[in-house]
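Enquirer:
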Amino acid sequence: MRSVWLGAGFRDGWPLPDRRGWASGSLRQVLRPTASTYNTDVQLSPDQHEAFLAIGWRDDLPAAPACANASAGRLARVVEQHRAGYRVAIGEAVLKVSAPAEWLQPRFDPVDRAAVGDWVLLDDHDVITTVLPRHSLLKRGAAGEHYRQQLIAANIDTVFVVSGLDGDFNPRRLQRYLLLVFGSADEGDRAQPVIVLTKADKALEGEQADPNMAARVEQLRESLPDVPVLCVNAKSPDTVAALAPWLSKGQSVVLVGSSGAGKSTLTNTLLGIEKQATQSVREADSRGRHTTTSRSLMRLPDGACLIDTPGMRELKLTGDERLEDAGFEDIEQLATQCRFRDCRHQNEPGCAIQQSIKDGELQAERWGSYQTLQGELSDAAQTLKVRQEQKRDERVQSRAMNKRLTDKYGRR
23 MRSVWLGAGF RDGWPLPDRR GWASGSLRQV LRPTASTYNT DVQLSPDQHE AFLAIGWRDD
83 LPAAPACANA SAGRLARVVE QHRAGYRVAI GEAVLKVSAP AEWLQPRFDP VDRAAVGDWV
143 LLDDHDVITT VLPRHSLLKR GAAGEHYRQQ LIAANIDTVF VVSGLDGDFN PRRLQRYLLL
203 VFGSADEGDR AQPVIVLTKA DKALEGEQAD PNMAARVEQL RESLPDVPVL CVNAKSPDTV
263 AALAPWLSKG QSVVLVGSSG AGKSTLTNTL LGIEKQATQS VREADSRGRH TTTSRSLMRL
323 PDGACLIDTP GMRELKLTGD ERLEDAGFED IEQLATQCRF RDCRHQNEPG CAIQQSIKDG
383 ELQAERWGSY QTLQGELSDA AQTLKVRQEQ KRDERVQSRA MNKRLTDKYG RR
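The opening position of the sequence shown corresponds to residue 23 in the working numbering, with each subsequent residue numbered one higher.
1) To the nearest angstrom, how far is the alpha carbon of V249 from that of F182?
2) Helix, strand or coil for G279? Go by DSSP, reduced to three states.
3) Check the DSSP bridge columns for R212 and list the partner residues they point to.
4) If you follow the beta strand (DSSP E) that D223 is in, where does it begin and where does it stop?
5) If we count the other Cβ atoms within 10 Å of its Cβ and call it buried at 16 or more, is R344 buried or exposed?
6) With respect to the beta strand (DSSP E) encompassing T331, which residues constitute its N-terminal and C-terminal limits?
7) Would L200 and D347 qualify as a contact pair, given that the criterion is a beta-carbon distance under 8 Å?
8) For F350, which of helix, strand or coil comes out of DSSP?
9) Kindly list the residues whose CB is nearer than 6 Å to the CB of V153, restricted to its own chain and excluding five residues on each side of it in sequence; keep chain order.
10) Under a Cβ-count criterion, where at least 16 other Cβ atoms within 10 Å of its own Cβ denotes burial, should V138 be classed as buried or exposed?
11) Nearest by alpha-carbon distance to L288: which of I174, V418, V251, A263 is it?
12) From G205 to D342, what distance separates their C-alpha atoms?
13) Rounded to whole angstroms, what is the Cα-Cα separation between L322 and A76?
14) Quick one: measure Cβ to Cβ for T222 and D232, integer angstroms, because I've assumed they're closer than 8 Å.
15) Take W125 and list the residues in its own chain whose beta-carbon comes closer than 6 Å to its own, dropping the five residues that flank it on each side.
16) What whole-angstrom Cβ distance do M334 and S280 have, given they're in contact under 8 Å?
17) Can you tell me whether I77 is helix, strand or coil according to DSSP?
18) Which runs of the alpha helix (DSSP H), 4 residues or longer, sit entirely within the segment 175 to 208?
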């Protein structure tokens, strides 16, 4: 039986877990009351352990210190997120669960809610009680809001940044994606970005090939020496096979990119079935409509977990990113060669950056991209700081109110 979760419901013939989690008995989590509890403290039978390893469980992840006093709970992984609740996987079984009531409150921080890919604990009423700590979290600034963040996927090992080799190809946007990926965790646990350039059959071969595209791709590779850049035909299993090194059993991979980049087509090829609907893009600007409308985690035939996401029209930074992760080592090196340490790289004498632009060694467009990201990161970091201060003030006010109520009416 091919292990693939169909997002619209359960696969025929698959077991549905009872309220205890497993037919063979309750899946219990026993956490030692220490500040450094690890996932090896989760007590699973060998069969259960193997089933959870197959959907991305890692024994080296820290479990929640806040759960140290929890004596029982069913372990599950979030495979879909909806407005009204979630779908989670317990091994190969999938069921609907509810979110805690406080998650539905407008002031509740979205970052504290579960995201697709999260490991959670469930109570006997199929309600999420705890989100276990994440080893990585991919997020972006929420569109149209000043400080909110939107979770994309959690506990991911690899991010396939998908872009079409047509009008969708935009190195600046790819750099923004890389910033989000590198901001997903500390350096030791961050996800590995892989740039997947689709529509290679049209852009690099045949009568409609772009004569300049091969050079642009090579330039992208040179600017990102630590990031794999692959050109594929998303419809061809032979070229998509180049992604196999990141799709081994138990690995968790998320697809991100613009609408029309080929994410759904790539997903179908990896699955070996026509699961995700696909649509054509407009020839005028190579833009597509949203085919995927929600995030979902699926099992691939080779055992990896794949998370498909809707196309992103807006890519706002969160303030957690670092500019040095965006692949501008050449500019940073030039900045150390300026005559003055406080050089603003504008009209100052002895500016190595401006001289490099005049000599044709540094493209003015690349320098402009660096400045744009630098400004956005500064603004995002300031916004994040304001939000953190606001949350701290809210906690102080909440404690003060609780104390007044306790003093007036007594502890309830």
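Where a beta carbon is used, it is the ideal one built from N, C-alpha and C, also for glycine.
Just so it is clear, the structure is predicted and the values come from calculations on it, not from any experiment.
Expert: Reading it off the structure:
1) The residue you call residue 249 lines up with position 227 of the sequence shown. The residue you call residue 182 lines up with position 160 of the sequence shown. Approximately 11 Å, taken between the alpha carbons.
2) For the purposes of this step, residue 279 is taken as residue 257 along the sequence shown, with counting starting at 1. The DSSP-derived three-state label of G279 is strand.
3) Taking the first residue of the sequence shown as position 1, residue 212 is located at position 190. In DSSP, R212 forms no bridge with anything.
4) Taking the sequence shown and counting its residues from 1, one reaches residue 223 at position 201. Taken as a continuous stretch (DSSP letters only), D223 belongs to no beta strand (DSSP E), being part of the alpha helix (DSSP H) at 222 to 225.
5) On the sequence shown, residue 344 is found 322 positions in, with the first residue counted as 1. With fewer than 16 other Cβ atoms from the protein chains shown falling within 10 Å of its own Cβ, R344 counts as exposed.
6) As a working note, residue 331 is residue 309 in the sequence shown. For T331, no beta strand (DSSP E) segment is defined, and its DSSP state is neither H nor E.
7) Here residue 200 refers to the residue found at position 178 of the sequence shown. Here residue 347 refers to the residue found at position 325 of the sequence shown. Closer than 8 Å, so yes.
8) Within the sequence shown, numbered from 1, the residue matching residue 350 stands at position 328. Coil, per DSSP.
9) As a working note, residue 153 is residue 131 in the sequence shown. Exclusion of the five residues before and after V153 leaves A136, D140, V142 as the residues of its chain whose Cβ lies within less than 6 Å of its Cβ.
10) Numbered from its first residue, the sequence shown carries residue 138 at position 116. Classification of V138: buried, given that the 10 Å Cβ count is 16 or more.
11) One-based indexing of the sequence shown puts residue 288 at position 266. Between L288 and the set I174, V418, V251, A263, the nearest pair of CA atoms involves A263.
12) Within the sequence shown, residue 205 is the residue found at index 183, counting from 1. Within the sequence shown, residue 342 is the residue found at index 320, counting from 1. A direct Cα-Cα distance of roughly 6 Å separates G205 from D342.
13) Counting from 1 along the sequence shown, the entry for residue 322 is found at position 300. Counting from 1 along the sequence shown, the entry for residue 76 is found at position 54. In a straight line, the C-alpha of L322 is about 11 Å away from that of A76.
14) Within the sequence shown, the letter at position 200 stands for residue 222. Within the sequence shown, the letter at position 210 stands for residue 232. Strictly speaking, residue 222 in this sequence is Ala, with Thr absent from that position. Wrong, their Cβ atoms sit about 11 Å apart, outside the cutoff.
15) Within the sequence shown, numbered from 1, the residue matching residue 125 stands at position 103. The answer, listed in chain order, is R135.
16) For the purposes of this step, residue 334 is identified with residue 312 of the sequence shown, where counting begins at 1. For the purposes of this step, residue 280 is identified with residue 258 of the sequence shown, where counting begins at 1. Contact between M334 and S280 is confirmed by a C-beta separation of about 6 Å, below the 8 Å threshold.
17) Taking the sequence shown and counting its residues from 1, the one referred to as residue 77 is at position 55. DSSP, reduced to helix, strand and coil, places I77 outside both helices and strands of the structure shown, so it counts as coil.
18) Runs of the alpha helix (DSSP H) inside the segment 175 to 208: 193 to 204.
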